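Below: one structure, written as structure tokens.
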Amino acid sequence: MGMLTLDKLPKKVLEKLDLQTVFMVSRVVVAAEKLQIFRKLHGKQLTAAQIGRMLGIHRQKREVFLGSLVAVGLLKKKGDLYFNSALAEKYFVRERSIYWTRLYSDQCITEYERFSVLEKMLATGKNYGSIVGKKNVGYLDVIAKNRTWACDFTHMLYYHHLPEARALAKKLNLRGYRSLLDVGGGSGVMSIALARKYPHLKACVLDMKTVTPVTRKIVRREGLSKQITTTVGDLNRDLPDGYDVMMFCDVDIADYRKTFKTAYDRLPAGGLIVVVEELASEDYTEPLLRMMWQLRTQGCLLRTRKEIADIVKACGFKSVKGSFLCRDSWMITGRKPT
Ligand SMILES: C[S@@+](CC[C@H](N)C(=O)[O-])C[C@H]1O[C@@H](n2cnc3c(N)ncnc32)[C@H](O)[C@@H]1O
């Protein structure tokens, strides 16, 4: 799935964007996405009044709001009529699933709120919730309680992680292995790519009870129900045995040492651990987006490649290797000695 990064904007738009005020443009685009304006304009040409009525935009704001989207290059205007530009069609309609449209703008708005107290977070080391006196509700709390949200989130991640899944299937050699546990496997996107590459492989996606029904639906759609099953579990408590590969892709691990040691204990001799994550460079200057998240989080979320490799080694795994997958994601593997 392609994201509309700034490099895709015309130079004449970029020239007007100042790094300190560009957040306003970004916020207007987030509002447009939240209103699903590009989806609703798909194949249509409408006046400001018609769009205003359709989306519930006040008459005092609608021309300037729509005009801003024209100025950024996401809408076009001909006479009184507005319609999607090629950029909006590509990145907000064709390349984006409805799950992404429904969820991502809300997540962006949450980030805006959090970053509004950045100076206080910097001064105190606290996170947004502690500063404004709000309970910190993490995405896992929402997944656990809200099935609709869990469904949108899991579908969204399927599309988001397709490039990593394809890169993983190219890089990871599973010829000598039979059964894989995809811990916190979500949509099963990684297992799906590996099952296609290795038809002899059986995979099982372990996740929360609100997620696994969605996983099964996606696996069925991909025609892989015979090769990929699901199980409900909590990776921070224990892991089942009976698998010769344990894989952790972009998973929230409370205590890496404890979880990787459990994986070591549950794997047979010769078993493989695979960790896929966006990992920081040793000098802690990338990846950019993860560093931003780290700024608004209490405690340490971002690990370096060496840190993860060292934990894998400390748990007893040998032949520990790291390799680049794609975007900001790395793969660390290790083998339990025979
Ligand atoms: C960011 S998603 C990644 C999903 C998948 N591995 C991928 O790469 O697309 C993290 C997943 O881990 C699951 N998860 C988080 N904590 C978990 C826990 N304690 N036990 C089981 N699953 C968990 C979430 O429900 C979610 O599906």
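Numbering (the numbering used here), first residue to last: 185 to 522. The beta carbon of each residue, even a glycine, is placed where N, CA and C say it ideally should be. Model, not experiment: these values are computed from the prediction.
Ligand 1 heavy atom lying under 7 Å from the CB of residue i
{"i": "residue 345", "result": "yes"}
{"i": "residue 315", "result": "no"}
{"i": "residue 363", "result": "no"}
{"i": "residue 463", "result": "no"}
{"i": "residue 420", "result": "yes"}
{"i": "residue 325", "result": "no"}
{"i": "residue 322", "result": "no"}
{"i": "residue 392", "result": "yes"}
{"i": "residue 263", "result": "no"}
{"i": "residue 515", "result": "no"}
{"i": "residue 523", "result": "Because the chain in this structure spans residues 185 to 522, residue 523 falls outside the shown range and cannot be described."}
{"i": "residue 446", "result": "no"}
{"i": "residue 254", "result": "no"}
{"i": "residue 374", "result": "yes"}
{"i": "residue 436", "result": "yes"}
{"i": "residue 338", "result": "yes"}
{"i": "residue 203", "result": "no"}
{"i": "residue 341", "result": "yes"}
{"i": "residue 403", "result": "no"}
{"i": "residue 395", "result": "yes"}
{"i": "residue 360", "result": "no"}
Whole-angstrom distance between residue j and residue i, CA atom to CA atom
{"i": "residue 444", "j": "residue 244", "result": "57 Å"}
{"i": "residue 358", "j": "residue 514", "result": "17 Å"}
{"i": "residue 320", "j": "residue 297", "result": "13 Å"}
{"i": "residue 194", "j": "residue 255", "result": "11 Å"}
{"i": "residue 521", "j": "residue 442", "result": "19 Å"}
{"i": "residue 299", "j": "residue 402", "result": "35 Å"}
{"i": "residue 234", "j": "residue 293", "result": "26 Å"}
{"i": "residue 307", "j": "residue 461", "result": "29 Å"}
{"i": "residue 411", "j": "residue 502", "result": "29 Å"}
{"i": "residue 192", "j": "residue 427", "result": "44 Å"}
{"i": "residue 364", "j": "residue 382", "result": "11 Å"}
{"i": "residue 226", "j": "residue 218", "result": "15 Å"}
{"i": "residue 269", "j": "residue 260", "result": "6 Å"}
{"i": "residue 421", "j": "residue 447", "result": "11 Å"}
{"i": "residue 274", "j": "residue 418", "result": "38 Å"}
{"i": "residue 473", "j": "residue 295", "result": "12 Å"}
{"i": "residue 180", "j": "residue 224", "result": "One cannot answer for residue 180 here, as it falls past the ends of the chain, which runs 185 to 522."}
{"i": "residue 451", "j": "residue 471", "result": "32 Å"}
{"i": "residue 216", "j": "residue 286", "result": "12 Å"}
{"i": "residue 500", "j": "residue 458", "result": "14 Å"}
{"i": "residue 429", "j": "residue 495", "result": "17 Å"}
{"i": "residue 212", "j": "residue 312", "result": "23 Å"}
{"i": "residue 190", "j": "residue 354", "result": "29 Å"}
{"i": "residue 264", "j": "residue 247", "result": "10 Å"}
{"i": "residue 519", "j": "residue 408", "result": "27 Å"}
{"i": "residue 456", "j": "residue 373", "result": "19 Å"}
{"i": "residue 507", "j": "residue 434", "result": "15 Å"}
{"i": "residue 478", "j": "residue 237", "result": "40 Å"}
Beta-carbon gap between residue i and residue j smaller than 8 Å
{"i": "residue 389", "j": "residue 369", "result": "yes"}
{"i": "residue 516", "j": "residue 498", "result": "no"}
{"i": "residue 480", "j": "residue 464", "result": "no"}
{"i": "residue 323", "j": "residue 281", "result": "no"}
{"i": "residue 379", "j": "residue 509", "result": "no"}
{"i": "residue 327", "j": "residue 392", "result": "yes"}
{"i": "residue 490", "j": "residue 466", "result": "yes"}
{"i": "residue 349", "j": "residue 376", "result": "yes"}
{"i": "residue 186", "j": "residue 303", "result": "no"}
{"i": "residue 277", "j": "residue 301", "result": "no"}
{"i": "residue 209", "j": "residue 201", "result": "yes"}
{"i": "residue 414", "j": "residue 404", "result": "no"}
{"i": "residue 266", "j": "residue 230", "result": "yes"}
{"i": "residue 371", "j": "residue 341", "result": "yes"}
For residue j and residue i, believed in contact at Cβ under 8 Å, the rounded distance
{"i": "residue 395", "j": "residue 338", "result": "5 Å"}
{"i": "residue 362", "j": "residue 386", "result": "7 Å"}
{"i": "residue 431", "j": "residue 366", "result": "5 Å"}
{"i": "residue 232", "j": "residue 250", "result": "6 Å"}
- [ ] For the stretch 446-508, list the alpha helix (DSSP H) runs that are entirely contained and at least 4 residues long, ordered along the chain.
- [x] 472-479 and 489-498
Task: 3-residue-minimum beta strand (DSSP E) runs that sit fully inside the stretch 370-436, ordered along the chain - done: 386-391, 412-416 and 429-433
- [ ] Ignoring anything shorter than 4 residues or poking outside the stretch 194-247, list the alpha helix (DSSP H) runs there in chain order.
- [x] 195-198, 206-218, 221-225 and 232-239
Open item on the list: Could you tell me which whole beta strand (DSSP E) segments of length 3 or greater appear in the stretch 245-290?
Closed with: 259-262 and 265-268
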